[in-house]
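Chemist: The structure that follows is given in the form of structure tokens.
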Amino acid sequence: MIQDRPTYLKVDLDNILFNYNEIKKLFDNKEIMAVIKADAYGLGAKQVGKYLYDNGVKYFAVTTLEEAIELRKNVGDEPLILVLGVINPQNIKYATDKNISLCCPSVDWLKEVILYLDDISKKLKLHLKIDSGMSRIGITTEEEAIEINNLLQDGRIELEGIFSHYANSDDSNIDYDIKQREKFNSLVSNISLKAKYIHQENSAATLRYVKNDYNFNLARVGISIFGQYPSEEIKKISNVKLKNVSSLISRVIHVKKIAPHTKVGYGCTYESSEEEFIATIPIGYRDGLLRRAQGWSVMINGNLCQIVGRVCMDQLMVRCPKKVSVGDEVLFYGSHNNQTLDVEEFANHQNTIHYEIFCVIGSRVPRKYFIANKEVEI
């Protein structure tokens, strides 16, 4: 397929593997599950999943059954794939046929699932979700835990795991973590069936609680394998040095010199104060470069060039301190050709988080994959 537009997202696959392995090295007795939900945070679950599987990763998590089935096509039959979200009980056959593990979020959900067990020929693997403090999905009471335990005596169901999720583990105050952990362990104690995997840690908790694994034997890591610390607090206390994974890149498609007091863009929100070089870049809010990015400075030829005027649907304009040329590369965030712009600073500029920056990059922006700085097909 032709790719005429020069805007793309560069994904360094070897850096994802490096980050995964650096985290895995922290633990002797814990498996690390690669969370590649939301299309691997927008980086491409098919390619990321296959590359990690080809390099020894055996545990994956996604959000939907559709994501899990698609991932199974690319990682073979062996790896554990866990769906973190809630699926329609009527569809459990699709999960068992593909050896996909499911989240059990409630007593009512499990009761409905039992109505469809006659439709399956293989055991249904479940991970019981405990709501220890997110107020999201999961059971919350001892009574629910006991009832779940009784329902799970059905021989057609395997309790493969029990899990929860920290709400505030990237913060400097860990008091809420302690409360969540205590509640989680208390509810787990009401389950007589032995689960193979007990897991509560996300990226932040995994990097924070290295010396205290609290008998959890699996950790779910997402944003950190993609090169980002969950927060400045975790970055400060972690000994793991993560490598950048994704970089948003484009090229200049048009340059003009404008006179003083010239308006730029929709709404005339910017007016030049002197003669200026204005470069147009082919990326806009349809591509996930949202209007709130106005004022951010991109990198062209080692110089910072500020986005001026409102970001358009398909294009934006930047003010350049010196003349640039059509075809010059533009870095929005990440690392490329010895130039670096921090995606976390890009997120802060927009009053959001780097998770969102990754996830909103649109389908019109091709993902290009690199290993040792060489583009690869995967």
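Whatever position you read off the sequence shown (first residue = 1), add 1090 for my numbering.
Cβ coordinates follow ideal geometry from the N, Cα and C atoms, glycine included.
In whole angstroms, what separates the C-alpha of L1170 from that of V1342?
Modeler: Their Cα atoms are separated by approximately 44 Å.
Chemist: DSSP beta-bridge partners for E1250?
Modeler: According to DSSP, E1250 bridges with nothing at all.
Chemist: For the putative contact between F1274 and S1196, defined by C-beta atoms under 8 Å, what is the C-beta separation to the nearest angstrom?
Modeler: Actually they are not in contact, since the Cβ atoms of F1274 and S1196 sit about 16 Å apart, beyond 8 Å.
Chemist: To which residues does DSSP link I1461 through a beta bridge?
Modeler: BP columns for I1461 point to K1464.
Chemist: Quick check on the DSSP output: the alpha helix (DSSP H) that includes N1275 runs from which residue to which?
Modeler: Unbroken alpha helix (DSSP H) run through N1275: D1265 to V1278.
Chemist: First and last residue of the alpha helix (DSSP H) that includes R1162?
Modeler: Residues L1155 to V1165.
Chemist: Apart from the five residues on each side of it in sequence, which residues of its chain come closer than 8 Å, Cβ to Cβ, to E1446?
Modeler: Excluding sequence neighbours, E1446 sits near A1437.
Chemist: Where does N1145 sit, in a helix, a strand or coil, going by DSSP?
Modeler: Reduced to three states, the DSSP call for N1145 is coil.
Chemist: With distance defined between alpha-carbon atoms, name the residue in V1147, I1177, N1181 and P1179 nearest to E1168.
Modeler: E1168 has its Cα closest to that of V1147, out of V1147, I1177, N1181 and P1179.
Chemist: Residues in its own chain within less than 8 Å of P1350 by CB, not counting five upstream and five downstream?
Modeler: Correct list, in chain order: S1362, S1363, E1364 and E1365.
Chemist: When DSSP labels each residue in this structure, what does Y1287 get in the three-state scheme?
Modeler: Here Y1287 sits in strand by DSSP.
Chemist: My understanding is that S1321 touches L1332, with C-beta atoms under 8 Å, so please give their C-beta distance in whole angstroms.
Modeler: Not really, about 13 Å apart at Cβ, beyond 8 Å.
Chemist: Just to confirm my understanding: we take K1353, look at its own chain, exclude 5 residues before and 5 after, and list those with CB closer than 6 Å. What are they?
Modeler: So the list reads E1361, once near-sequence residues are dropped.
Chemist: Do K1458 and Y1141 come within 8 Å of each other at the CB atom, strictly closer than that value?
Modeler: Not closer than 8 Å, so no.
Chemist: With distance defined between alpha-carbon atoms, name the residue in E1233, G1228, D1208 and I1443 nearest to T1186.
Modeler: Selected option, being the one with the closest Cα: D1208.
Chemist: On a Cα-Cα basis, can you pick out the residue from K1347, E1160, D1377 and G1317 that is closest to I1339?
Modeler: Of K1347, E1160, D1377 and G1317, the residue nearest in Cα terms is D1377.
Chemist: Does the beta-carbon of Y1304 have 16 or more other beta-carbons within 10 angstroms, so that it is buried, or is it exposed?
Modeler: Exposed, by the Cβ-count rule.
Chemist: Which same chain residues end up closer than 7 Å to Y1110 when comparing Cβ atoms and leaving out the 5 residues on each side of it in sequence?
Modeler: Contacts found: I1122, A1124, L1142, V1147 and I1315.
Chemist: Taking only three categories from DSSP, how would you classify N1240?
Modeler: Correct three-state label for N1240: helix.
Chemist: Check whether the Cβ atoms of A1151 and L1133 sit closer than 8 Å, and answer yes or no.
Modeler: No.
Chemist: Based on Cα-Cα distance, which residue from Q1440, L1406, V1401 and V1335 lies nearest to H1426?
Modeler: Considering only alpha carbons, the answer is V1335.
Chemist: Report, in whole angstroms, the separation of the C-beta atoms of Y1149 and G1312, which I expect to be a contact under 8 Å.
Modeler: Rounded, the Cβ-Cβ distance is 12 Å, inconsistent with contact.
Chemist: Give me the residue from F1367, C1410 and M1403 with the minimum Cα distance to W1386.
Modeler: Minimum Cα distance to W1386 is reached at C1410.
Chemist: Could you tell me whether any Cβ in chain D is nearer than 8 Å to the Cβ of F1108?
Modeler: Chain labels in this structure do not include chain D; a single protein chain is all it has.
Chemist: Rounded C-beta distance between A1235 and L1277? I'm assuming under 8 Å.
Modeler: Confirmed, about 5 Å.
Chemist: Return helix, strand or coil for Q1180, following the three-state DSSP convention.
Modeler: Correct three-state label for Q1180: helix.
Chemist: Who are M1091's beta bridge partners in DSSP?
Modeler: DSSP output for M1091 lists no bridge partner at all.
Chemist: If I'm right that R1382 touches Q1318 with Cβ under 8 Å, what's the distance once you round it to whole angstroms?
Modeler: About 19 Å; that fails the 8 Å criterion.
Chemist: For Y1375, which three-state DSSP category applies?
Modeler: Correct three-state label for Y1375: helix.
Chemist: Under the assumption that R1298 contacts S1254 (Cβ atoms under 8 Å), give the Cβ distance between them as a whole number of angstroms.
Modeler: Going by Cβ atoms, the distance from R1298 to S1254 rounds to 16 Å, so no, they are not a contact pair.
Chemist: Can you name, in chain order, every residue of its own chain whose Cβ lies under 7 Å from the Cβ of V1466, other than the five neighbours on each side?
Modeler: Here the set comprises Y1459 and F1460.
Chemist: Which whole runs of the beta strand (DSSP E) in the segment 1365-1426 are 3 residues long or more, in chain order?
Modeler: Runs found: 1366-1371, 1387-1390, 1393-1398, 1406-1410 and 1419-1426.
Chemist: For A1135, does the count of other Cβ atoms within 10 angstroms reach 16, so buried, or fall short, so exposed?
Modeler: Classification for A1135: buried.
Chemist: Return the Cβ separation of I1247 and I1281 in integer angstroms, given the expectation that the two are a contact with Cβ distance under 8 Å.
Modeler: No, I1247 and I1281 are not in contact; Cβ-Cβ is about 13 Å, not under 8 Å.
Chemist: Is it buried or exposed for H1217, if we count other Cβ within 10 angstroms and need 16 for buried?
Modeler: H1217 comes out buried.
Chemist: Go ahead and pull the three-state DSSP assignment for Q1137.
Modeler: In the structure shown, Q1137 sits in a helix (DSSP, three-state: H, G or I).
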